[in-house]
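In what follows, a structure is listed as structure tokens, so that the remarks can point back to it.
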Amino acid sequence: MKVERIETIPIRIPLKTVYTGSNYSMCNRCTIITRIYTTDGVVGECYNGDEDDTMVAIKQIVDNEIAPKLVGQDVFNTEACWAIAREPTRNILRDRKLATQAQACVDSAIHDALGKALGTPLFRMWGGYRRELPVICVAGYYDKNQSAKGIGDEIERLRAKGFAGCKFKVRLQIASAAAGSDFIITVDANQNWSAREAVRFGLLANKKNINLYWFEEPCKWESDKLGMELVRKATGIPVAAGQSEISAGGCRDLITSQSIDFCNFDASWGGGPTEWKRLAGLAHCFDVCMAHHEEAQISAHLLGSIPHGSFVELFDPERDPIFYLLFENHPRVEHGKYRIPDGNGWGLSLDKAIIAKYRIDK
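So for the sequence shown, my numbering puts the first residue at 782; every next one is plus one.
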């Protein structure tokens, strides 16, 4: 089964609200759909990423640099296909992350084609450790007008929707009080603090009896490995990071420096599921749990395939219309669990009308 041609479709859906974190804001939800057509008639497809300003550049790398070299390659030879798709990262004058994201688009679609050809969901092909996963909601974006009651109401809405917990950005004490002991709380600092500030926050959380499941990216990027190691040892709070790395090697250094307890490497940013699975094996050897930054359509299969996977992350429908509109057969959240799609490959069914409405290349 050989690659016949590759198609990329950029999607942009305007958001009703501007979502703000520590040093960023988002007004659109974007993604790239990649389709690999094969000589056997199997079509592998996936959607990856949420890049707005750089989406066109990523698409061009796939179309102009990767696709011509992959045509004629055997889809079952995933490692050779991955190596070919890696070549654009060797250009030292470009932003290398654009190339790893382009590679991820192709690698994800190749694995979908492989799963479809073999007649099996990817999580089963990769190990099939579990059928469902706990699911948390990324919430708690900064809103200067939100009251304490509003934060409590947000927690209750998430609980009512079936989530097992949430990832919060700000006003943690109020959120924790509203959540209670049976609702998971993680906190995400988005690399915004010095090590000293992060330690102070962690010790204060301990003093207030706030039970954090993990403290995500607590330290500024310039010295994050040393900083996160200090945060772990000084506070006793588990630390999660890895999404800002674009290779398994980068996460290897986080693991061996004892900087993290959870590795949330993003397959859509770092070269695809092939690279993520390599890293998962390494993490298991060091007793580090795997997580995944967002991207539930991909993360569920990866995390469900291994014994040391953690949560699937979802958003509210207004924050992620791609998941709820484009992914037309997306699983429902029930009793804190996310059931992994059991269709072949990624098990995705993408809404043709949504694609036609929001694609920006036609």
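All residues carry an ideal CB built from backbone N, CA and C; glycine is no exception. The structure presented is a predicted model; accordingly, all values stated were derived computationally and were not measured.
DSSP, reduced to helix, strand and coil, places glycine 900 outside both helices and strands of the structure shown, so it counts as coil. For aspartate 1034, no beta strand (DSSP E) segment is defined; the enclosing uninterrupted segment is the alpha helix (DSSP H) at 1029 to 1037. Rounded to whole angstroms, the separation of the alpha carbons of glycine 1017 and arginine 793 is 41 Å. Counting C-beta pairs closer than 8 Å gives fewer than three between the region 896 to 914 and the region 878 to 887, which falls short of the contact rule. In this structure, histidine 892 lies away from threonine 870, with their beta-carbon atoms at least 8 Å apart. Judged by pairs of C-beta atoms under 8 Å, the region 1096 to 1104 does not touch the region 832 to 847, as fewer than three such pairs exist.
Under the three-state reduction of DSSP output, tryptophan 1127 falls in the coil class, being neither helix nor strand. Nearest to glycine 1008 by C-alpha distance, out of Leu1035, Ile1141, Gly1126, is Leu1035. A Cβ-Cβ distance of about 5 Å is found for the pair leucine 1011 and alanine 976, placing them in contact under the 8 Å criterion.
With contacts defined as CB atoms closer than 8 Å, glutamate 826 and threonine 812 fail to qualify as a contacting pair. Bridge pairing for alanine 1021: Glu997, Phe1043 [DSSP]. Where leucine 1095 is concerned, the enclosing beta strand (DSSP E) starts and stops at 1093 to 1095. If you look at phenylalanine 949, you'll find it in the beta strand (DSSP E) that goes 946 to 949. Beta-bridge analysis with DSSP links glycine 825 to Ile817. Counted as a single uninterrupted DSSP element, the beta strand (DSSP E) harbouring arginine 786 occupies residues 784 to 801.
Rounded to whole angstroms, phenylalanine 904 and glycine 1126 show a C-alpha spacing of 8 Å.
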